[in-house]
Amino acid sequence: MPHKLPASLVHLKDLFMYVCLMEENEISSALCMMRSSPVLEAIIFQMYDNDKLPIRQTLPNFLDPEGHPDLKLDRLETLVIEMFSNLPVEMDFVKLIMAKSPLLKKVRIELNDNVSVEEELEMLRELVLNPFHRASPSAKLTIVRPYAF
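39 is the number of the first residue of the sequence shown in this note's numbering; add one for each residue after it.
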């Protein structure tokens, strides 16, 4: 997977992608798209699980913000993650984007219906007890449970 596209997507302001974060090549593809889009204002990722793949750990520090000095999301204001399953790699992905987005105003995480209330509580506890670097201290993080019909 290329690190960056051959030509920058200088007019792309909104990015919507289906992403399986259990596959490193999909993570790399998403990062490549973000690196190649200097004026992104909104990103929406809809996560999906590949049931055929075992849940794997990505390489240590693969999504560490320090390892991505060229990822600059200087205009990003909105991040939405749909179908969030609370996998460690998903949380690391959110933390990376938040660390690289100085103008970020709104982060919305919509949980997958397989995330229990206990898992949600543990996720919130981790976010509060283990603060992480945010480029934008004013970004509002909202976690939403799926609607029950």
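For every residue, glycine included, the Cβ atom is placed at its ideal position computed from N, Cα and C.
N-terminal and C-terminal residue of the alpha helix (DSSP H) that L149 is part of: Element bounds for L149: not the alpha helix (DSSP H) but the beta strand (DSSP E), K144 to L149.
Are the segment 145–155 and the segment 100–113 in contact at 8 Å, needing three or more beta carbon pairs? no
Ordered list of alpha helix (DSSP H) runs contained in the segment 42–126, each at least 4 residues: Complete alpha helix (DSSP H) runs here, min 4: 62–73.
Give me the residue from P184, D130 and M72 with the minimum Cα distance to L59. D130
To the nearest angstrom, how far is it from the Cα of L101 to the Cα of H41? 14 Å
Have a look at M72 and L142 and give me their C-alpha separation to the nearest angstrom. 14 Å
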